[in-house]
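In my numbering, the protein residues as written are 8 to 186.
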């Protein structure tokens, strides 16, 4: 890798692609803002953060308290940090694209076609936006860990039952005598 595409982590001392480092906002001495890559890779930063939170549970409590206070008292800041604008930034889309997609699918879930409130579905490996689905379908997709192979096996299971066909009269619920 060339120097402009890689960087050495100051913690694990491994050379990694530049995309393996978070960017951070900084300010020069004259006050002008700029961005730069951190010196510690994402993996080391995450491991250090987990260790720090495990060693000091008060940090997690303070963060959770701050989150709940902002959610209850400052809806503008909540939306900016955790709401739809944050998700749109995360998935690299804008509101115009989202509204066009909503119109294309007619406001219905892309999977079950029901008229329910829609949520943003994304690929957990690439963070790519996949479309608008209802919360139930989104949970089911998350439950199979986005595995296409698992879904294909589930479809084969549904289409090929192993039991013998049942006569129509056996399918109805029989009335049981009272106890």
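Here a beta-carbon is modelled for each residue, glycine too, at the ideal position from N, C-alpha and C.
Sub-8 Å separation of residue i and residue j beta-carbons
{"i": "residue 122", "j": "residue 145", "result": "no"}
{"i": "residue 141", "j": "residue 125", "result": "yes"}
C-alpha distance - residue i paired with residue j, whole-angstrom precision
{"i": "residue 130", "j": "residue 137", "result": "7 Å"}
{"i": "residue 28", "j": "residue 166", "result": "46 Å"}
{"i": "residue 53", "j": "residue 87", "result": "23 Å"}
{"i": "residue 49", "j": "residue 107", "result": "34 Å"}
{"i": "residue 51", "j": "residue 21", "result": "11 Å"}
{"i": "residue 25", "j": "residue 15", "result": "9 Å"}
{"i": "residue 135", "j": "residue 172", "result": "43 Å"}
{"i": "residue 147", "j": "residue 118", "result": "11 Å"}
Integer-rounded CB distance, given that residue j should sit under 8 Å from residue i
{"i": "residue 112", "j": "residue 95", "result": "Actually they are not in contact, since the Cβ atoms of residue 112 and residue 95 sit about 17 Å apart, beyond 8 Å."}
{"i": "residue 18", "j": "residue 47", "result": "5 Å"}
Sequence-distant residues of the same chain with beta carbon closer than 8 Å to residue i, five excluded per side
{"i": "residue 84", "result": "77"}
{"i": "residue 34", "result": "40, 41"}
{"i": "residue 187", "result": "This structure does not reach residue 187, given that the chain is present from 8 up to 186, and the question cannot be answered."}
Other residues of its chain near residue i: CB distance less than 7 Å, five sequence neighbours each side excluded
{"i": "residue 37", "result": "none"}
Same chain only: Cβ atoms within 6 Å of residue i, ignoring 5 sequence neighbours per side
{"i": "residue 105", "result": "none"}
{"i": "residue 98", "result": "129, 136"}
{"i": "residue 161", "result": "none"}
DSSP state of residue i mapped onto helix, strand, coil
{"i": "residue 132", "result": "coil"}
{"i": "residue 155", "result": "helix"}
{"i": "residue 116", "result": "coil"}
{"i": "residue 150", "result": "helix"}
{"i": "residue 39", "result": "coil"}
{"i": "residue 31", "result": "strand"}
{"i": "residue 139", "result": "strand"}
{"i": "residue 17", "result": "coil"}
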